[in-house]
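Each remark here refers to the structure printed beneath this line.
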Amino acid sequence: MNSCFCFFPIANTGPALVQPDECKVMISYYGHKSRQDALDLTSYLDHNGHRTFCSQVYDENASLIDREINEMGVKNCEYYVILMNHDWQTSKDCRAQEMIIRDRFARGEVKVLLVWYDDFDKVLDEEEEILYWKRWKSQQCVENREQQQKDWMSRISGYLDELEAKAPLKVYF
Numbered sequence: 489m490n491s492c493f494c495f496f497p498i499a500n501t502g503p504a505l506v507q508p509d510e511c512k513v514m515i516s517y518y519g520h521k522s523r524q525d526a527l528d529l530t531s532y533l534d535h536n537g538h539r540t541f542c543s544q545v546y547d548e549n550a551s552l553i554d555r556e557i558n559e560m561g562v563k564n565c566e567y568y569v570i571l572m573n574h575d576w577q578t579s580k581d582c583r584a585q586e587m588i589i590r591d592r593f594a595r596g597e598v599k600v601l602l603v604w605y606d607d608f609d610k611v612l613d614e615e616e617e618i619l620y621w622k623r624w625k626s627q628q629c630v631e632n633r634e635q636q637q638k639d640w641m642s643r644i645s646g647y648l649d650e651l652e653a654k655a656p657l658k659v660y661f
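For the sequence shown, our numbering gives the first residue as 489, with consecutive numbering after it.
Written out as structure tokens, the structure is:
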């Protein structure tokens, strides 16, 4: 029996399994430091009515390569939430995702929200001409400082609610 997908139910306390090509929101994270935040945010947004895809939730329930499922989510989401830490910043896979999102953003197809982490390296960003900070700092964002921003998930959910209610996206490039 050849099958490409094998799905298993997630416990009711966790987020719903949202297919990457059916998501409204995609959580993009990279590395161990932000993995739990990605799971928690996915669950929080799901419980607040936002159909959210996160590869960490999906990986536990399907057999597809990370890159394939992430690209599917990147190409289909309406809202792209980046957990921007040093690991994400230095990942070549995340850089490829960001290029797709940047093109979709310029065409008005996606809205981008960022969660900036303390370990994001602005000097490295400038030196290597990655320019995430310059490119995305004007977008809706929150800071995820371990002790200072305990409400960051509710702020992201609130931004999504506001964006849903507003007129089409303004492109700032």
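Idealized CB from N, CA, C, for every residue including glycine.
Item: Three-way DSSP call (helix, strand, coil) for Y567 in this model; Value: strand
Item: Delimiting residues of the alpha helix (DSSP H) encompassing F593; Value: K580 to A594
Item: Same chain only: Cβ atoms within 6 Å of L527, ignoring 5 sequence neighbours per side; Value: Q544
Item: Spatial distance of E559 from Q507 (CA atoms); Value: 12 Å
Item: For F593 and V630, the rounded distance between their alpha carbons; Value: 19 Å
Item: Per-residue DSSP class, three states only, for V600; Value: strand
Item: T530 to V598 span [Cα, whole Å]; Value: 18 Å
Item: Outcome for E586 when other beta-carbon atoms lying within 10 angstroms are tallied against a minimum of 16; Value: buried
Item: Cβ neighbour criterion (16 or more within 10 Å) applied to H520; Value: exposed
Item: Rounded straight-line distance, which links the Cα of A653 to that of L571; Value: 23 Å
Item: Spatial distance of D609 from L505 (CA atoms); Value: 33 Å
Item: Own chain partners of N573 with C-beta closer than 7 Å, once the 5 adjacent residues on each side are dropped; Value: G519, K521, S522, Y605, D607 and F608
Item: Nearest residue (CA-CA) to D509, options L533, Y568, V611 and I557; Value: I557
Item: Where the beta strand (DSSP E) containing V506 begins and where it ends; Value: Note, V506: premise wrong, no beta strand (DSSP E); not H, not E.
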